[in-house]
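Asker: 385 is the number that my numbering gives the last residue of the sequence shown; the numbers go up by one with no jumps.
Glycine included, every Cβ here is placed at the ideal spot set by N, Cα and C.
From a predicted model like this one, the values you see are computed outputs, not experimental measurements.
The structure follows.
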Amino acid sequence: MIIDAGKYNIIIERGAICSVGELVSEVIKPSRCVIVSDDNVHPLYAQPVRNSLAAAGFDVAADFVFPQGEESKSMTTLEALLNHLCAEGLTRTDVIFALGGGVTGDMTGFAAAVYLRGIKFVQIPTSLLASVDSSVGGKTAVDLVSGKNLVGAFHMPSLVVCDPNVLSTLPQEFFSDGMAEVIKMGFIGNPRLLDLLDGDISDRIEDVIAECVQDKVDIVARDTYDKGERQKLNLGHTVGHAMEALAEYKIHHGAAVASGMHIITRAAVSRGICSSDVLTRLDRLIEKYGLDSHLYKEYSAEDMYSITLHDKKKRGGNITLVIPEEMGRSELYDYPVTDLLGIIKDGVKE
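Written out as structure tokens, the structure is:
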């Protein structure tokens with residue numbers, strides 16, 4: 036299956052990880068390249084990718100491998116990666132491959148955006164979260180101590196190669212992590228996806244990925260630089276990112292987003308913006324896919340609020356929140372930042 040994202044394609048195909056070289060050579064002339072991966076994914080998939088690239092005529096330089104986890108998505112690791120690209124002699128005609136999950140894709144994409152003022156990169160997502168969300172759309176970033184994804188750039192990949200077979204090696208917690216983003220896509224604007232999730236998706240994971248990817252491609256095409264509609268993709272993320280920061284990134288992104296969606300939807304019910312049926316269905320899907328609606332109970336509303344003051348979605352004295360209005364439809368609401376504490380309290384009260 037090929038999804039046209041305008042300037043690049045997303046290929047969703049079982050076994051594609053073993054034919055990356057052939058697929059990439061159709062859009063990028065064989066050149067020197069570096070594979071970037073973490074120390075969890077690298078032993079599993081780097082060699083098949085290296086072999087395929089070499090067979091297609093690519094000059095595969097030494098891989099860059101970093102410790103897995105959000106803690107590595109930092110300026111320190113980014114600098115090490117940039118120095119590695121320089122040491123391996125990559126030029127403006129060369130390419131970087133992001134082999135891994137969201138952390139790998141975000142950081143590799145940002146390195147590609149700033150190295151020599153921009154070189155090509157290819158996304159090879161190996162997690163469900165990266166497959167359905169972060170590998171598509173060209174958002175790249177690293178974290179600062181002050182908050183998540185505060186330093187980044189828009190830089191589109193040349194190709195995304197998604198092999199659903201690799202998802203079979205994911206531990207359950209990582210699969211659940213990705214399902215939070217899938218649930219999010221349903222609630223922001225795809226009731227059909229919600230119906231799919233209500234059933235058995237064990238043999239329909241390609242359909243799930245394709246639904247999410249096509250939705251995101253359509254949204255990004257209408258709002259590439261995140262000035263309007265694309266912000267809907269942040270449902271649950273404002274408070275979710277705050278929880279991640281408070282936990283020092285020891286909780287999974289999807290787990291935090293799931294709980295963040297619960298908070299904002301519960302606040303919407305409290306304020307008469309949506310019906311309680313929306314919250315009930317959300318919580319049912321969160322539980323079905325191994326997530327916890329009430330993860331927020333580890334943190335106070337005041338502490339979560341203090342972190343959101345550094346959120347990149349804040350503009351001046353206002354912040355944009357994504358709020359469900361009905362089943363499968365969410366809208367953007369602008370609030371004074373000073374109102375956010377009350378909204379969070381509405382979302383966490385028993």
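Compare the beta carbon distance of Thr273 and Asp346 with 8 Å and say whether it is the shorter of the two.
Answerer: yes
Asker: Which term fits Tyr260, buried or exposed, when burial requires 16 or more other beta carbons within 10 angstroms of its beta carbon?
Answerer: Residue burial annotation: Tyr260 is exposed, with fewer than 16 other C-beta atoms found within 10 angstroms of its C-beta.
Asker: With H, G and I counted as helix, E and B as strand and the rest as coil, what does DSSP make of Leu194?
Answerer: strand
Asker: Look up Glu361 in the DSSP assignment and give the residues it is bridged to.
Answerer: Arg364
Asker: In the structure shown, what three-state DSSP assignment does Thr161 receive?
Answerer: coil
Asker: With distance defined between alpha-carbon atoms, name the residue in Asp369, Gly271, Ala148 and Ser305 nearest to Gly289.
Answerer: Gly271
Asker: Using the DSSP secondary-structure output, state which residues sit across from Gly135 in a beta bridge.
Answerer: Pro160
Asker: Considering only their Cβ atoms, is the gap separating Arg257 from Glu264 smaller than 8 Å?
Answerer: yes
Asker: Using the Cα positions of Pro65 and Asp74, report the straight-line distance between them to the nearest angstrom.
Answerer: 26 Å
Asker: According to DSSP, is Ser109 part of a helix, a strand, or is it coil?
Answerer: coil
Asker: Val84 and Leu134: beta carbons closer than 8 Å?
Answerer: yes
Asker: Tell me which residue opens and which closes the beta strand (DSSP E) that Leu125 is part of.
Answerer: Careful: Leu125 lies outside any beta strand (DSSP E) and carries neither H nor E.
Asker: When you compare only the Cα positions, how much space is there between Phe93 and Leu320?
Answerer: 44 Å
Asker: His297 to Gly56, Cα distance in whole Å?
Answerer: 42 Å
Asker: For Ala81 and Gly275, I'd like the C-alpha separation in whole angstroms.
Answerer: 31 Å
Asker: Using CA coordinates, which residue listed in Asp129, Ala96, Val138 and Gly124 is at the minimum distance from Gly113?
Answerer: The question names Gly, yet the displayed sequence has Leu at residue 113. Here the closest residue by C-alpha is Val138.
Asker: If we ignore side chains and look at the alpha-carbon of each, how far apart do Ile244 and Ser166 end up?
Answerer: 7 Å
Asker: How many angstroms separate the CA atom of Pro206 from the CA atom of Ala40?
Answerer: 30 Å
Asker: Taking 6 Å as the limit between beta carbons, can you name the residues of its chain near Asn269, skipping five residues before and five after?
Answerer: Val357
Asker: Is DSSP giving Pro102 helix, strand or coil here?
Answerer: coil
Asker: Beta-carbon separation of Tyr43 and Ser193 under 8 Å?
Answerer: Against a cut-off of 8 Å, the Cβ pair of Ser193 and Tyr43 comes out as a contact.
Asker: Looking only at DSSP bridge pairs, what is Lys174 linked to?
Answerer: Phe189
Asker: Indicate whether Ala90 and Cys68 have their beta-carbon atoms separated by less than 8 Å.
Answerer: no
Asker: So, at 8 Å on beta carbons, what are the nonlocal neighbours of Ala280 in its own chain, with the 5 sequence-adjacent residues on each side left out?
Answerer: Gly182, Lys183 and Ile342
Asker: Relative to the C-alpha of Leu326, which residue among Thr355, Leu164 and Ala293 is closest?
Answerer: Ala293
Asker: Tell whether a beta-carbon distance below 8 Å holds between Ile52 and Ile223.
Answerer: no
Asker: Among Thr175, Tyr150 and Lys349, whose alpha-carbon lies nearest the alpha-carbon of Ala188?
Answerer: Thr175
Asker: List the endpoints of the continuous alpha helix (DSSP H) containing Ile37.
Answerer: First-last for Ile37: Ile37 to Asp39, but that is the beta strand (DSSP E), not the alpha helix (DSSP H).
Asker: Please report how far the alpha carbon of Val71 lies from the alpha carbon of Met220, in whole angstroms.
Answerer: Taking the straight line joining both Cα atoms gives about 28 Å.
Asker: What is the DSSP secondary structure of Pro65, counted as helix, strand or coil?
Answerer: coil
Asker: Rounding to the nearest angstrom, what Cα-Cα distance links Leu229 and His119 in this structure?
Answerer: Here the alpha carbon of Leu229 sits roughly 43 Å from the alpha carbon of His119.
Asker: Can you tell me which of Glu385, Pro359 and Leu79 puts its alpha carbon nearest to the alpha carbon of Thr204?
Answerer: Leu79
Asker: Can you look up Ile236 in the DSSP assignment and give me helix, strand or coil?
Answerer: Reduced to three states, the DSSP call for Ile236 is coil.
Asker: Among Glu105, Tyr331 and Ala146, which has the Cα closest to the Cα of Val127?
Answerer: At residue 127 the sequence reads Arg, which differs from the Val that was named. When each option's Cα is compared against that of Arg127, the closest is Ala146.
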